[in-house]
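Position in the sequence shown counted from 1, then plus 1227, gives you the working numbering.
A virtual CB, placed ideally from N, CA and C, is assigned to each residue, including glycine.
Below is one structure; the comments refer to it alone.
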Amino acid sequence: MAASKPASVGPLVGAVVQGTNSTRFLVFNSKTAELLCHHQVELTQEFPKEGWVEQDAKEILQSVYECIERTCEKLTEMNIDISNIKAIGVSNQRETTVVWDKFTGDPLYNAMVWLDLRTQSTVEVLSRKIPGNSNFVKSKTGLPLSTYFSAVKLRWMLDNLRTVQRAVEEGRALFGTIDSWLIWSMTGGINGGVHCTDVTNASRTMLFNIHSLEWDKELCDFFEIPMNILPNVCSSSEIYGLLKAGTLEGVPISGCLGDQSAALVGQMCFQEGQAKNTYGTGCFLLCNTGHKRVFSEHGLLTTVAYKLGKNKPACYALEGSVAIAGAVICWLRDNFEIISKSDEIETLAKEVGTSYGCYFVPAFSGLYAPYWEPSARGIICGLTQFTNKCHIAFAALEAVCFQTREILDAMNRDCGIPLSHLQVDGEMTNSKILMQLQADILHIPVVKSVMPETTALGVAMAAGAAEEIEVWSLDLDDLSATLTERYEPQIQATESEIRYSTWKKAVMKSMGWVTSQVPERKDSAVFSCLPLGFFIVGSMTLLIGARYVSSLQE
């Protein structure tokens, strides 16, 4: 019997989603936004020292190729013609920094992950160079000086790695965030690879002027970064180059968005005032501010949301960034071992339905928005002899919701118009107890898209809408409505406020644990790692050294 002819369901668009914990490749029908197929590969992370977080850039690249090939195999098994894939978009973990040799194609060091804390001393040195009455770094970039962003990671590499220094001196080095590394490699690498990034990723480096949408010489001089190693900055939706290897060789790469911007597009937050919150390794709330650059007075970031075409204007967003969200569940699984699988957290939390006065502040990497306090470390407080692992599990879920409440409050104060509801996405939104807790703590409805892959959808939309591709319309009238689940608050506002105010007391107690110098105690391994310690505070006080914390970002 003759083989059946592959079905024509086109045109299709592929999306690479390169995250902190895994890489995925997903394929969508551009006319219906239906997700047809995907494949995912988990990634390893390295923790060479306390507070250091690294990944192998070659492993990341190989995971992308593997995901593409396996997804294409699955599509073929589904009798879907892969020649209908007309474009590919790339979405990525932002800020994570790679430097590589343009002649060999090899990374000169592991990728330094956005959560990495080793650059705190670099930040302190740089902060002393900023005039007290004129923070030109924040006014140009929208960002506070922090270990979070790429410029300080790159500065650390240049200060500490002779291989990077020599490559820069010899004109061999290229710098980029993960999107740049992937696009350069996928479009040919040493054989004509395109060294580029998009405005959303560039805006997370602290080297990019968000007003002029260009690399800024004054910023590069301040960080002492040579401009010739920086990628060309493009829009989020245009053809950057063609895939040069594998089953999809010749398919254009035509979309590029940092993961949180991609989720904003995937949630179709195209109008000023629309906002979304993504629950992943961290937690990221973005509010579209249109063509206006709104500078926060309450600890939020001003960032580029997207620029959907060469000749289209850039749109901006206010962003609240929380370092640890899903990572706290991984920590309870891998370090405390009170669960064996992440989804078991919900079972434990349901058993008690309350934290019983226990509060968990997972400041493993310091506190991001709205505090930007690098001296903070994690604490669990309010313990009694009655407290058990179920209460701690519930407190961990509450912590994610309280952190979201803090950045939502800051956003409401900056914007002046409180959000009437919150659109959410990300893997953690599969937890019904978390979503209900979030609605209760915010005291506004929480609206979850039934199609959870909004990051992938967003970058697929950008790729499919690019000039000369044009298989995906971004006109509001043409966009498919998505099914949603809605969670309404189920507790009184007064109860919500009491719990929130107690949480804020716990946050204050988490600050100031790290000092510049802590004497080495040779007789105590615990005290020797005190600067990155994790504290549990209650009727008994215990200290757990940072060696137990080092794998929290898995």
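* To do: Indicate whether S1602 and G1739 have their beta-carbon atoms separated by less than 7 Å.
  => yes
* Per DSSP, S1318 is paired with what? -> V1244, L1484
* To do: Please confirm if the region 1582-1599 is in contact with the region 1618-1625, defined as three or more CB-CB distances below 8 Å between the two stretches.
  => yes
* S1348 to Y1336 span [Cα, whole Å] -> 20 Å
* Mind pulling the beta strand (DSSP E) runs of 3 or more residues that sit fully within the region 1654-1733? -> 1673-1676, 1711-1714
* Asked: For C1299, which option in A1502, L1263, A1541, S1318 has the closest C-alpha, if you only look at C-alpha atoms?
  -> L1263
* Other residues of its chain near D1641: CB distance less than 7 Å, five sequence neighbours each side excluded -> V1521, S1523, E1524, H1525, L1527, L1545
* Asked: What does W1327 pair with, by DSSP beta-bridge criteria?
  -> P1334, L1401
* To do: Report the rounded CA-to-CA distance for P1597 versus A1394, giving the unit in angstroms.
  => 38 Å
* Bridge partners of N1515, per DSSP? -> A1544
* Asked: Is the distance from the Cβ of N1387 to the Cβ of D1406 below 7 Å?
  -> no
* Asked: What are the complete beta strand (DSSP E) segments, minimum 3 residues, inside the region 1341-1392?
  -> none
* Asked: C1447 to R1431, Cα distance in whole Å?
  -> 14 Å
* Cα-Cα separation, K1577 to S1658 -> 11 Å
* Quick one, which of T1474, T1530, V1268, N1319 has its alpha-carbon nearest K1365's? -> T1530
* **Selection from L1434, L1344, G1415 that minimises the alpha carbon distance to H1480** => The sequence shown places Ile at residue 1480, not His. I1480 has its Cα closest to that of G1415, out of L1434, L1344, G1415.
* **Start-to-end residues for the beta strand (DSSP E) that takes in E1269** => 1262-1269
* **Start-end ranges of the beta strand (DSSP E) lying completely within the region 1409-1488, minimum 3 residues** => 1423-1425, 1459-1461, 1464-1469, 1479-1485
* Asked: Rounded to a whole number of angstroms, what is the C-alpha to C-alpha distance between P1672 and A1666?
  -> 5 Å
* To do: Tell me, please, which residues DSSP counts as bridged to F1591.
  => G1593
* Asked: With contact counted as at least three CB pairs below 8 Å, one residue from each stretch, are the region 1435-1454 and the region 1482-1494 in contact?
  -> no
* **Nearest-angstrom Cα separation, counted from A1687 out to E1261** => 11 Å
* Asked: Whose C-alpha, out of I1696, W1730, Y1727, is nearest the C-alpha of P1238?
  -> I1696
* To do: Compare the beta carbon distance of I1556 and S1548 with 7 Å and say whether it is the shorter of the two.
  => no
* Top-ranked residue by Cα proximity to K1285, from V1352, I1309, T1331 -> T1331
* Starting from Y1533, follow the beta strand (DSSP E) in both directions and report where the run begins and ends. => 1528-1533
* Under 7 Å between C-beta atoms of G1241 and Q1320 -> no
* Applying the criterion that 16 or more other CB atoms from any shown protein chain within 10 Å of the CB defines a buried residue, is V1352 buried or exposed? -> exposed
* Asked: Which whole-angstrom value describes the C-beta separation of Y1586 and G1609, a residue pair presumed to lie in contact below a C-beta threshold of 8 Å?
  -> 5 Å
* Going by the CB atoms, is the gap between K1503 and Q1650 shorter than 7 Å? -> yes
* **Inter-residue spacing [alpha-carbon to alpha-carbon] between A1314 and E1277** => 41 Å
* Asked: What is the rounded straight-line gap between the Cα of V1391 and the Cα of I1417?
  -> 18 Å
* Asked: alpha helix (DSSP H) containing S1290: first to last residue?
  -> 1284-1304
* Within this structure, are the beta carbons of K1344 and T1324 separated by less than 7 Å? -> It is worth fixing the name first, because residue 1344 is Leu in this sequence and not Lys. Not closer than 7 Å, so no.
* Own chain partners of D1702 with C-beta closer than 7 Å, once the 5 adjacent residues on each side are dropped -> none
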